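In our numbering, the protein residues as written are 228 to 564.
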């Protein structure tokens, strides 16, 4: 059965018996079981990748189904990782799907990447993307990252001896949002997910030109696409980089600012400093922060918290204009500090 299953791809000279053996001995990490993950995973499993580690913190919702086509209406309310595992096992029982129902953070990225040959960033969350890129750059692991919004998106091959995501995107993209607030088209996700899967297979097969150091982008509203190489992109200076940390890394003496709404933080006073786990936490909206321009003490480190990392990033860049201390960011969703 195994031979017949893969014979259509094994007849390609780029794959053959050797390439199929590469797939059978490969362990990849897929971060995100949403739209991109839904498109990527069946092609990886179909190709015969032996061991896939799947990480996602969400459950299936009805609004997912127009683009996350692995799931059914009956899956609503169940974890995406387990629903995806069920469908992937039905597609190819020879592949082992290891699931983790959790958010990837700077605190667990090393554990989740242990023994991994290739990382696929399907989270479409720029905070997760930077955490993965920083780890992959430091440990020489290849990373295939994709992002989709509206009718547009890109796939890029990073690290693994080539520039990181930070080298190409040292600052937030001007259009940085998320699909829940800006909208997204299902076929756009599917097309980019297919390209992302092919990037991954090409990297594992060591095909040339390598997808590492190359970005492919599409705009299906205008029916345009482009591709370019960024092999010579320079890594930004360490002191200019904004790093994402886990909430467990906050120290007692840190200056902590939570920019999330009261409904998220469950605080009684948005402008008051509250004590959570023996840490002083200041609550401001981004507009209040821009107006007041609060300043940490010179000896303190600053930690800025928001839901996705977008608002925290912008606040950090403003803080850097008038304060020279160390700043770290936390993308915490709706979880309490």
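In this text, a Cβ means the ideal position worked out from N, Cα and C, and glycines have one as well. From a predicted model like this one, the values you see are computed outputs, not experimental measurements.
Using a 10 Å radius around the Cβ and a threshold of 16 neighbouring Cβ atoms, would you call residue 545 buried or exposed?
Answer is exposed; the Cβ neighbour count stays below 16.
If I measure Cβ to Cβ from residue 547 and keep anything under 8 Å in the same chain, skipping five residues before and after, which residues do I get?
Same-chain partners within the cutoff: 554.
Have a look at 246, 315, 355, 305 and flag the residue whose alpha-carbon is nearest the alpha-carbon of residue 560.
It is 355.
Go ahead and label residue 244 buried or exposed: buried means 16 or more other beta carbons lie within 10 angstroms of its beta carbon, across all protein chains shown.
It counts as exposed.
Measuring CB to CB, does residue 360 end up less than 8 Å from residue 384?
Taking 8 Å as the Cβ cut-off, residue 360 and residue 384 do not qualify as a contacting pair.
Mapping the DSSP letters down to three states, classify residue 228 as helix, strand or coil.
Summary for residue 228: the model assigns pLDDT 45, below 50, so the residue's position carries little reliability; its value from the coordinates is reported in the next sentence. It is coil, neither helix nor strand.
On the three-state DSSP scale, how would you describe residue 300?
If DSSP states are grouped into helix, strand and coil, residue 300 belongs with the helices.
Confirm, please, whether the CB-CB distance from residue 257 to residue 268 is below 8 Å.
Yes, the pair counts as a contact, with Cβ atoms nearer than the cut-off.
Can you tell me the Cβ-Cβ gap for residue 344 and residue 254, rounded? I've got them flagged as a contact below 8 Å.
Correct: roughly 5 Å between the Cβ atoms.
If you draw a straight line from the alpha carbon of residue 280 to that of residue 534, how long is it in whole angstroms?
When rounded, the distance between both Cα atoms is 25 Å.
May I ask you to list the residues that DSSP assigns as paired with residue 254?
DSSP, once it has assigned bridges, lists 278 as partnering residue 254.
Give a yes or no on whether the C-beta atoms belonging to residue 346 and residue 322 are separated by under 8 Å.
No, the Cβ-Cβ distance between residue 346 and residue 322 is not below 8 Å.
Within this structure, are the beta carbons of residue 442 and residue 376 separated by less than 8 Å?
No. Outside cutoff.
Relative to the C-alpha of residue 536, which candidate in 484, 294, 457 has its C-alpha closest?
Ranking the options by Cα distance to residue 536, first place goes to 484.
Can you tell me which residues form a DSSP beta bridge with residue 370?
Partner(s): 346, 385.
Does the stretch 332-339 come close enough to the stretch 308-317 that 3 or more CB-CB pairs lie under 8 Å?
With the cut-off at 8 Å, the stretch 308-317 and the stretch 332-339 do not touch.
Spatial neighbours of residue 252 within its chain, please: C-beta separation below 8 Å, excluding the five flanking residues on both sides.
If we look at residue 252 and ignore the five residues flanking it on each side, its Cβ neighbours are 277.
Compute the distance between the beta-carbons of residue 331 and residue 358, then report whether it is under 8 Å.
Yes.
What three-state label does DSSP hand residue 235 in the structure shown?
In this structure, residue 235 counts as helix in the three-state DSSP scheme.
Could you check whether residue 425 and residue 263 sit closer than 8 Å to each other, using their CB atoms as the reference points?
Cβ distance not < 8 Å, so residue 263 and residue 425 don't count as in contact.
Whose C-beta lies closer than 6 Å to the C-beta of residue 273 among residues of the same chain, with five residues either side of it excluded?
Taken in chain order, the list of residues that qualify is empty.
Using the three-state DSSP reduction, which class does residue 441 fall into: helix, strand or coil?
Looking at residue 441 - three-state DSSP - the assignment turns out to be strand.
Between residue 399 and residue 236, what straight-line distance do the alpha-carbon atoms span, to the nearest angstrom?
Their Cα atoms are separated by approximately 39 Å.
Please state the DSSP three-state secondary structure of residue 485.
Here residue 485 sits in strand by DSSP.
Would you report the Cα separation of residue 648 and residue 260, rounded to the nearest angstrom?
The structure shown does not extend to residue 648, since the chain spans only 228 to 564, so no value can be given for it.
How many Å lie between residue 234 and residue 271 at the Cα?
Their backbone Cα atoms lie some 16 Å apart in a straight line.
Determine the closest residue to residue 438 out of 542, 265, 390, with distance taken between C-alpha atoms.
Nearest option by C-alpha distance: 390.
Thinking C-alpha only, which one of 246, 248, 241, 275 is nearest residue 232?
Per the Cα distances, 275.
So what does DSSP say about residue 560, is it helix, strand or coil?
Three-state DSSP puts residue 560 in coil, outside helix and strand.
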